[in-house]
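What follows is one structure encoded as structure tokens, with my remarks underneath.
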Amino acid sequence: MAETMSFQDSVRWTRDVFTQWRHWTRAHWRLTLLLSALAFLTGWAWNTYAMAVGLEGSEGEGTKTITTADGHSLNALFWVILFTFVSGVITYAWTRGWTAFRADVAVLPRRFAEAMTQSRPGAFAMLLWGMAVALVIATLISSAAAIVLSLALLALATSPVGVILNFALVRVWRGLCGILAAKARPRLDAMVNPFMVMFGESIGLLLDGLIGNWVFKFLGGIFAALVSVTLARGSRMPGFAVILAFVVAAQTLRVRGALADDGGWTECVTSDGRPCAGLGLEGVLAWFQSDGATHVLVRSSIGAIAAALGALLGLGLGAAGASAALSRATPRPSGPGDGLWPPRPFPSPEPPITPPPEPRHRARSQPSSPPRPQHHPQPEPFPQPDHHRQPEPHPLPDHHRQPDHDPPPEPRRPGHLTPQPEPSGLGGPDHGTVYRASTYDSGAADQGHVYRSASAPAPGPARGVHPIGPPDFPPPGQGGHQAPAGRGNPWDDLDDFLPDSPERQNQPPRRPRRRATEAPEDDGPQRPPHQPRPPTPPRRS
């Protein structure tokens, strides 16, 4: 079975876990400090009792112990790993949930069965290689540390930490197999399995308790390595008898440690000569006042400090591992490199949306002009002419409104044929508005024409009245100048527009709909009401 995660992805995952550990520890520093203090007291009491009662204050030559007594200072590694493992598992299960924790534990046998089913020779080769490495490492550490380290490696076997720890070991194994079996390289890729390597390391560290002599540990590691390489070459798997012989030999060569009994708890006596062992609490207080108690307490503090450090690491790492496991259910657009475990494959990329190809020659369209260079300035848009602008809304004339009082009197301009100055445009809402000629009030020939405006600014009685001079030519029938062509006769056709501002003079005239010569509700004479025509009597024959 091939590697589930690459080395780079495993390093990234581990870095994310340590980042979450730092954040969790900072956020829960009170709880972490309290539990670390509790771990210190537990480790101190455990070491003190084991040294005073079990070792009687000291140890003999070749004694096996888990305490940090004289000559066993490296057992501090045991206390660090033990409390890291215990606190990490408890925090992980509490954060993850006990049901999910049991499901995660069930992954171990399932992964082992999958490895055996896919490639049994490859699985055994990786297992024996891990055992070989563990037996060689066991010659450098104590048996107590080896046992608790085997449990920690077993718990981390299904995580990317196994890939990181066994990256160099797998490379060495592949190099040895490539030297001894150069033609087996394609088969080696299918055998590589970091999970089985770490599983073998855990078994090898557990076997360290059965083998006491470091020479036999080293020889057992060499034997396991040779068998692993032999399986990689494609040879037959060694029978069960060979493996059983190896285990029996290891059991036979086991060296049992003997505990020393050269003082300690049994040697303690009170001031009146009574032994401390049968006095209960009084005997314990008397032991603290003995001469050898100070040395035991100092040596026990080494293991206590290691236990507190292990709790400090395990609490945050367990919570960080649970957070990484909980984030697996969160959909994220990433894959094996996203820091989660187990690795998830990258989602298949969506096909790019490509627009349909455009035809080479579009119907009824001019060929597109070449793109303008960036250094050429863009031309300014042309100003919009006035006659293309949206016209302003026309104000409502007075005769279309409901009058609330009588209109003011209209002034009359004397002189019919006398030249009068043309009126200029007025400001306000009426500025630039074109008025229909039919709204003019026709007066006498010497009075000209006037029109009304509700928004005229003229104050006083002239409010709403704007005088307009008569045309420059006489009315029809009196001879003289004729009306300009195309404009009609203003004396009998008053339906033209009259501009009120200079900018509207170039606008072509429009002929609006005709209306009555006399506006309704005007001051002029009213038309008599319509009388129905009497019925015509039938004609007599």
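So the sequence shown is numbered by full-length UniProt numbering: it starts at 1 and just counts up by one. The C-beta atom is built at its ideal place from N, Cα and C for all residues, glycine as well. All values reported here derive from a predicted model rather than from experimental measurement.
Quick check: the Cα distance between residue i and residue j, rounded to an integer number of angstroms?
| i | j | result |
| --- | --- | --- |
| alanine 155 | valine 105 | 8 Å |
| glutamine 8 | arginine 15 | 11 Å |
| glycine 71 | serine 142 | 11 Å |
| phenylalanine 18 | glycine 54 | 38 Å |
| tryptophan 214 | alanine 138 | 8 Å |
| alanine 293 | alanine 304 | 16 Å |
| threonine 230 | methionine 126 | 12 Å |
| methionine 51 | alanine 39 | 18 Å |
| asparagine 75 | arginine 96 | 31 Å |
| proline 296 | glutamine 289 | According to the sequence shown, residue 296 is valine rather than proline. For valine 296 and glutamine 289, the distance between alpha carbons rounds to 12 Å. |
| leucine 77 | arginine 120 | 35 Å |
| phenylalanine 101 | tryptophan 24 | 20 Å |
| serine 228 | alanine 113 | 19 Å |
| leucine 135 | alanine 146 | 10 Å |
| asparagine 47 | arginine 299 | 8 Å |
| leucine 82 | arginine 174 | 33 Å |
| proline 532 | arginine 540 | 24 Å |
| alanine 69 | valine 148 | 18 Å |
| serine 301 | tyrosine 49 | 12 Å |
| tryptophan 98 | aspartate 208 | 32 Å |
| alanine 168 | isoleucine 179 | 17 Å |
| histidine 530 | proline 538 | 24 Å |
| alanine 225 | valine 89 | 32 Å |
| leucine 108 | leucine 205 | 18 Å |
| glycine 316 | arginine 22 | 7 Å |
Closer than 6 Å by C-beta to residue i: which residues in its own chain qualify, once you throw out the five before and the five after it? Chain order, please.
| i | result |
| --- | --- |
| serine 323 | Gln20 |
| cysteine 276 | Cys268, Gly283, Ala286, Trp287 |
| proline 459 | Residue placement at proline 459 is poorly supported in this model, since its pLDDT is 48, which falls under 50; the coordinates are not used for a value here. |
| glycine 221 | Ala132, Leu135, Val136 |
| alanine 103 | none |
| isoleucine 203 | Met131 |
| lysine 217 | Leu135, Ala138, Thr139, Ile211 |
Is the beta carbon of residue j closer than 8 Å to that of residue i?
| i | j | result |
| --- | --- | --- |
| alanine 152 | phenylalanine 223 | no |
| glycine 43 | alanine 307 | yes |
| methionine 191 | alanine 232 | yes |
| glycine 318 | threonine 91 | yes |
| serine 150 | glycine 314 | no |
| leucine 128 | glycine 200 | yes |
Sorted by chain position, which residues of the same chain lie with C-beta nearer than 7 Å to residue i's C-beta, five sequence neighbours on each side aside?
| i | result |
| --- | --- |
| serine 36 | Ala308, Ala311, Leu312 |
| alanine 144 | Ile66, Asn75, Phe78 |
| alanine 123 | Ala115, Met116, Asn193, Met196 |
For residue i, which residues in the same chain have their Cβ closer than 8 Å to its Cβ, ignoring the five residues on either side in sequence?
| i | result |
| --- | --- |
| valine 161 | Ser10, Thr14 |
| methionine 198 | Gly130, Leu153, Leu154, Leu156, Ala157, Gly162, Leu165, Asn166 |
| arginine 111 | Ala157, Thr158, Phe195 |
| valine 170 | Val192, Pro194, Val197 |
Does any heavy atom of the ligand COA sit closer than 7 Å to the C-beta of residue i?
| i | result |
| --- | --- |
| asparagine 193 | Of ligands this structure carries none, so the ligand COA is not represented either. |
Using a Cβ-Cβ cut-off of 8 Å, state whether residue i counts as contacting chain D.
| i | result |
| --- | --- |
| valine 53 | Looking at the structure shown, chain D is missing, and only one protein chain is on hand. |
Runs of alpha helix (DSSP H) wholly within the stretch 188 to 230 (minimum 4 residues, chain order): 194 to 207
Uninterrupted alpha helix (DSSP H) stretches inside the stretch 62 to 134 (no shorter than 4 residues): 76 to 96, 98 to 105, 107 to 118
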